[in-house]
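One structure is given below, encoded as structure tokens.
In full-length UniProt numbering, the protein residues as written are 1 to 237.
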């Protein structure tokens, strides 16, 4: 019974980890695609997104592996035979790997912080646009019903409608009608995207702190003999 319970917990943990890592991988893959089509993406996105995608794919492969295979892969990674496990566990035991992971983590954090802030601005802009579209629709309904409308001044109503139309024209699509008809769908999608990117940001922050602690607490002797096999003591005669 206890063995079945442990297997169920392990299966649930694996499913949860694979789902989260898979979602992050798809999001970063989308970021790689946007970077590829950008005419001038900059150096930071060119480094951050492809390297983060490689790291997440490696973590996903290790997380999706059965427990027995994962243990064998970890053992093989010590000899450099498993690339995915080596990438996913670069900070395990090796100060050089921890240093590389820390440097990449700083790069990822710098770019993801900009992405999260941009998504936050999109959430705020979307909330304002939904509110403005709702006001415009309510004003039109009340005016058509013979009421005074929400705007007492015709000039203010005209300026508001013109500004809304100009925003839709610059955006390239009629966001107003869609957001009014499906306000919660848009909000949930954007909020979920923002939440997943925040989780990824915290996940990488934890890795960065762990790698930094490994770098700072590793003795100099370990840095010197990293990658060398420890001497095997021979039994005395």
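The beta carbon of each residue, even a glycine, is placed where N, CA and C say it ideally should be.
message = Cutting at 8 Å between CB atoms, please list the residues of its own chain near residue 60, excluding the five before and the five after it.
response = The beta carbon of residue 60 sits closer than 8 Å to those of 18, 21, 22 and 25, all from its chain and outside the five residues before and after it, given in chain order.
task = Consult DSSP for residue 19 and reduce its assignment to one of helix, strand or coil.
result = In the structure shown, residue 19 adopts helical secondary structure according to DSSP, grouped into three states.
query = Going by Cα to Cα distance, which pick from 187, 189 and 211 is closest to residue 103?
reply = Among 187, 189 and 211, the Cα nearest to that of residue 103 is on 211.
request  = Tell me whether residue 31 sits in a helix, a strand or coil according to DSSP, three-state version.
outcome  = In this structure, residue 31 counts as helix in the three-state DSSP scheme.
request  = Rounded to whole angstroms, what's the CA-CA distance from residue 64 to residue 28? Just pull it up for me.
outcome  = Residue 64 and residue 28: Cα-Cα distance of roughly 19 Å.
query = CA-CA distance, residue 110 and residue 214?
reply = Answer to the nearest angstrom: the Cα atoms are 21 Å apart.
query = alpha helix (DSSP H) containing residue 54: first to last residue?
reply = It spans 43-64 - the alpha helix (DSSP H) in which residue 54 sits, taken as one unbroken run.
inquiry  = With H, G and I counted as helix, E and B as strand and the rest as coil, what does DSSP make of residue 95?
reply    = If DSSP states are grouped into helix, strand and coil, residue 95 belongs with the helices.
query = If residue 49 sits next to residue 126, beta carbons under 8 Å apart, how far is it from one beta carbon to the other, in whole angstroms?
reply = By a beta-carbon distance limit of 8 Å, residue 49 does not contact residue 126. Their separation comes to about 24 Å.
message = If you measure between the beta carbons of residue 204 and residue 108, is that distance less than 8 Å?
response = Yes.
query = Can you give the Cα-Cα distance for residue 189 and residue 53, rounded to whole angstroms?
reply = Near 22 Å, if we compare the C-alpha coordinates of residue 53 and residue 189.
task = For residue 120, I'd like the list of residues in its chain whose CB is within less than 7 Å of its CB, leaving aside the five on either flank, ordered along the chain.
result = The residues are 194.
task = Assign residue 105 to one of three DSSP states: helix, strand, or coil.
result = The answer is helix: DSSP assigns residue 105 an H, G or I state.
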